[in-house]
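Beneath this line is the structure, given in C-alpha cells, with notes to follow.
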Amino acid sequence: RLGVAGACAANGMLVAAALYAGAFDGMERAYEQLFRWVSLGISAVSLAWPGAVFFRSAWASVRTRSLHLDLPIAIGLGAGGIWGAVNTIRGEGEIYFDSLAVLVFVLLVGRYIQHRQQRWASDSVELLFMLTPSSARRVEGGVIEEVPIEALAIGDVVEVLAGDSIPVDGIIELGASDLDESLLSGESRPVRVSIGERASAGAVNLAAPIRVRVGATGEATRVGRLMKLVSEASQHRAPIVRLADRLAGWFVVGSLSLASVTLIVWLWLDPAKAIDHAAALLIVTCPCAVGLATPLAMTVAIGRAARRGILIRGGEALERLARPGLMYLDKTGTLTHGRLDVCEWRGDESMKPIVAALERNSTHPIAAALARLSPRDHTMTVRDVEQVVGKGIRGVVNGQRVAVGSWEFIKEQVVRTSASGTSGACGVDDQSTERLIGDDEDSDAIQGDDFIARSAARLCSPVFVSIDGKVVVAAGVGDSVRASTSGAIAGLHREGWRLEVLSGDHPAVVSAVGDELGIARAMSHGGVTPEEKLACVQNAMRRGDGPVVMVGDGVNDAAALAAATVGIAVHGGAEASLAAADVYLNTPGLESIAALTHAARATMRTIHWALGASVVYNGIAAGLAMSGYLHPVIAAILMPISSLTVLTLALRSNTFPEKTTSARTDESSRNEIVARASFTTPHQGRVAPCQ
C-alpha cells in the first residue's frame with residue numbers, strides 16, 4: 052500500500068505542477084482536460100486501494116458508534132475526491148487530487164511506523180518452548196532415550212544432567228544437586244535439592260545428575276501457567292484513549308456542521324459558489340495535522356530513544372509515562388548486576404589463578420564468579436576434580452591439593468589432609484582450624500567464624516580456600532548494587548514517582564538494598580513469588596492511583612510486566628519478559644528510565660503544542676473558507692503547510708537531550724554494596740506484600 056500510495060502521490064504532484072503553471076501562464080483547453088483526467092485516475096487508484104483502510108475504519112466507527120480520527124479523515128478524502136471528480140466531468144472548477152494522494156501517502160507512512168513499533172507478546176505455548184527444553188532423556192527399563200516433551204506422560208522418569216534445564220515439573224527420584232531457579236523466583240542463589248523434593252521446569256541443574264518423576268509437562272507446568280498469565284494480562288490491558296481520538300468526535304461534528312452552514316448560506320448568497328466553498332472548507336480542515344501530531348511526535352521520540360538503547364513498543368507507553376505514579380522494581384539484575392562477583396578477597400593474591408583454574412570445572416554461579424578472577428592459564432594442570440554438592444569443590448592444581456567451599460567443607464579438607472600426613476601445616480583440632488590466615492604473631496589474623504559473621508552482616512556468601520591443608524584465603528561473593536542505581540532512584544523520587552521493590556530474594560537482602568538506595572523498608576518486599584508480583588500490580592491498578600510501572604529482567608517478572616500500565620524490561624532480560632514488556636532497556640541499570648520519563652513528558656508537551664497549532668489553523672482556515680475569502684487552490688496549498696508545521700514541531704522537540712539531570716549518577720553511589728545472602732540463610736519471616 053505504501054508503494055502504490057507513494058507512486059500516486061509523486062505522479063499526482065507532477066501533473067499538478069503542470070496544472071498550477073497553466074493556471075497562471077495559460078494552457079490549451081485540451082491539455083488541461085487531459086491533465087485533469089490523468090490526475091483523477093491517479094487519485095482514484097490512491098483512494099480505492101491504499102486509502103481504503105481509512106474508509107473501512109471510518110465505516111466501522113459509524114457502525115459501532117465510536118468516533119475516532121479515521122472518520123474525519125475519510126470525510127475529507129471522500130469530499131475532495133467526489134467534488135474533484137464532479138468538476139473534472141463538468142470541465143470546470145477546482146480539483147484536489149494531488150493533495151489527496153499526498154495525504155493518503157503521509158498518513159500511511161505514520162501508521163506503518165506506528166505498527167512496526169508494536170511487538171505483542173507471543174501466546175503461552177510459543178513462550179513456553181523458548182524457556183524450557185523441547186526434548187528430555189526418558190529412563191525406561193534401565194534404558195535412556197531422547198524423546199520429545201510431547202511424548203512424556205505423568206509418572207515417567209527423566210534424567211537431567213548437570214548444566215541442563217529441567218524439562219518438567221516433578222519429584223526428584225534419584226540424586227541430589229543445586230538448582231538455579233532464578234527463572235521462576237528471580238533469585239540467582241542456588242537451591243539445594245535431594246530425593247523427595249520438588250523440581251520445576253525451567254530450573255537449571257548445576258551440580259550433579261538427577262532423575263525426576265514427571266508430575267506435569269508443557270502448559271501444565273508452573274512456568275507454563277505463568278506464560279498463560281502473561282498472555283492473558285497482555286490481552287486485558289486497559290486501552291488508553293489518545294487526545295487526538297478524543298478530539299475526533301468534536302472535529303467530525305464541527306467540520307460537517309460548518310460545511311452545511313457554508314453550503315446553505317452560499318446557496319442563498321451565490322448558488323454557483325456554494326459547493327466550491329463548502330468543499331474548500333472540508334479540504335482545508337481535513338484533519339491531517341490532527342492526525343499527524345500524535346504519530347509524528349511519538350515516532351520521533353521512539354527513534355531517538357532507540358539510538359540511546361531504549362526500545363519502545365509503541366506510543367502508548369510514552370503517554371502513560373508522562374505523569375508519575377507507582378513504580379515496582381525487581382532487585383536481581385535490575386537494581387543489582389544480576390550475577391555473583393567476588394567483592395572481597397582476604398589472603399594471598401597469587402592464589403587467584405589457582406582458584407580460577409579449579410572453579411572452571413564447575414557450573415555453579417559462585418564457581419563462575421571465582422573463575423572470573425583470572426584469565427585462563429593453559430600452563431596449569433588440573434586433575435582429580437570432585438564437586439561436593441552444597442559444600443564446595445576440590446582437586447589437584449599444579450600438584451597442589453586445592454579445596455574451595457564453605458567453612459565446614461574447608462575444615463573437613465584440613466582434617467583430611469593432616470590425617471593423611473600430606474602436610475603438617477595445620478593440626479587437626481578445632482582451635483587450629485578456626486584460625487584463618489596468619490599465625491599467633493600475626494595481629495591481623497582473623498577467625499573463620501568472625502569472617503562468616505562479617506560476611507552475613509554484609510549479606511554475602513563466605514568462601515574459603517585451602518592449599519595442601521592450610522587455609523590461605525577468605526573471599527566474599529555477592530550480587531552488588533550497580534554504581535548508577537542510587538542516582539537513578541534519586542532522580543525518579545524527584546520526579547514524583549513512588550518506588551517499591553518486589554524481589555524473590557531473601558527479605559533481609561532486599562531490605563539492605565532498599566536501605567542503601569533510600570527506599571523505605573516497608574516498601575522493600577522480599578521472597579515474592581511471580582504470582583504475588585502479578586497480584587501486587589493488579590491491586591495497584593484497581594486502586595487507580597496513577598500509572599503502575601513494573602521494571603524487571605526475568606521470566607518471574609513477565610506476568611507483572613504484561614499486566615502493568617507500562618512494563619519495562621531491563622538489559623539481560625529473558626525472552627518472555629521482553630515479549631511481555633512495553634519498553635526494553637538495552638543498557639544495564641536504571642539511569643535510562645529517568646531519561647525515558649523525561650522524554651515522555653517532553654513528547655506529550657510537543658503533542659499538545661502540535662494539536663493546539665492544528666486547532667488554531669483549522670479555526671482560522673474554516674473562518675476564511677466560510678466567508679468566501681479562501682480560494683480552493685489556496686486551501687490545497689494551506690493543507691500541507693499545516694502538516695509541515697506539525698512536522699517541524701515534532702522534529703524540534705527536546706525529547707532526549709544529551710544529559711538529563713534526573714539520570715545523572717551521584718558519585719556517592721559508586722560505593723557498591725553486596726546483596727547476596729549466605730549459603731544457609733533460610734527464607735523466614737517473610738510478609739506477603741501489597742495486601
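By the numbering used here, the letter at position 180 of the sequence shown is numbered 231, and the numbering carries on one by one without gaps.
Ideal placement from N, C-alpha and C gives every residue a C-beta, glycine not left out.
Same chain, Cβ closer than 6 Å to residue i, five either side skipped, listed in chain order
i: V153; result: A60
i: W396; result: A526
i: L122; result: A109, S112, V303
i: L70; result: F86
i: F105; result: D121, I124, A125
i: G577; result: S554, D556, H557, P558, V561
i: S643; result: I361, L636
For residue i, the first and last residue of its enclosing beta strand (DSSP E)
i: S512; result: 512 to 518
i: V448; result: 443 to 448
i: Y635; result: 634 to 636
i: M592; result: First-last for M592: 581 to 594, but that is the alpha helix (DSSP H), not the beta strand (DSSP E).
i: L225; result: 220 to 225
i: V13; result: The question about residue 13 has no answer here: the residues shown for the chain are numbered 52 through 742.
i: V602; result: 599 to 603
i: A92; result: For the record, residue 92 in the displayed sequence is Gly; it is not Ala. Where G92 is concerned, there is no enclosing beta strand (DSSP E), although the alpha helix (DSSP H) it sits in stretches over 80 to 99.
Beta-carbon proximity of residue i to residue j, cut-off 8 Å
i: A539; j: G640; result: yes
i: T268; j: I200; result: yes
i: V465; j: I405; result: no
i: G446; j: E459; result: no
i: D530; j: R390; result: yes
i: V440; j: L409; result: no
i: A187; j: D220; result: no
i: G398; j: V600; result: no
i: D633; j: R358; result: no
i: V579; j: V602; result: no
i: N138; j: G144; result: yes
i: E546; j: T638; result: no
i: K382; j: V561; result: yes
i: T654; j: M349; result: yes
i: F515; j: G456; result: yes
i: D229; j: R243; result: yes
i: I619; j: V522; result: no
i: I444; j: A418; result: yes
i: V588; j: M574; result: no
i: I222; j: G206; result: no
i: L314; j: A325; result: yes
Residues bridged to residue i (per DSSP)
i: E196; result: R189
i: A539; result: According to DSSP, A539 bridges with nothing at all.
i: G398; result: V524
i: I261; result: V211
i: R656; result: Paired residues: none, contrary to the question.
i: N256; result: L230
i: H576; result: L553
i: G132; result: None; G132 has no bridge partner.
i: D392; result: G529
Other residues of its chain near residue i: CB distance less than 8 Å, five sequence neighbours each side excluded
i: M64; result: D149, A152, V153
i: T385; result: V602, G603, D604, V621, L641
i: I518; result: M402, I405, Q451, R452, V453
i: S719; result: Note on S719: pLDDT 34, under 50, position unreliable in the model; no value is reported.
i: L91; result: G135, A136, T139, I146, F148
Extent of the continuous alpha helix (DSSP H) run through residue i
i: E210; result: Looking at the DSSP string, E210 is not in any alpha helix (DSSP H); the run it does join, the beta strand (DSSP E), is 208 to 211.
i: A67; result: 53 to 76
i: E410; result: 403 to 410
i: R703; result: Looking at the DSSP string, R703 is not in any alpha helix (DSSP H), and its letter there is neither H nor E.
i: E248; result: Premise fails: E248 is in no alpha helix (DSSP H) and is neither H nor E.
i: R427; result: No alpha helix (DSSP H) holds R427; DSSP gives it neither H nor E.
i: E437; result: Taken as a continuous stretch (DSSP letters only), E437 belongs to no alpha helix (DSSP H), being part of the beta strand (DSSP E) at 433 to 439.
i: A614; result: 609 to 614
i: A620; result: Note, A620: premise wrong, no alpha helix (DSSP H); beta strand (DSSP E) at 617 to 620.
i: P558; result: 558 to 568
i: W748; result: It is not possible to answer for residue 748, since the shown part of the chain is limited to 52 through 742.
Spatial neighbours of residue i in its chain, beta-carbon cut-off 7 Å, leaving aside the 5 residues before and after
i: G226; result: A259, P260, I261, R262
i: A99; result: none
i: G57; result: F156
i: Q168; result: Since pLDDT at Q168 reaches only 47, below the 50 mark, its modelled position is unreliable, and the value read off the structure follows with that caveat. Closer than 7 Å at the Cβ level, and outside the excluded window around Q168, lie I353, I363, R364, G365.
i: S494; result: Low per-residue confidence applies at S494: pLDDT is 33, beneath 50, and the placement is therefore not dependable, though the value from the model is reported in the following sentence. Answer for S494: no residue qualifies.
i: V666; result: none
i: Y163; result: L53
Legend entry - Minimum length 4: unbroken alpha helix (DSSP H) runs contained in the segment 306 to 382: 322 to 335, 339 to 358, 366 to 371
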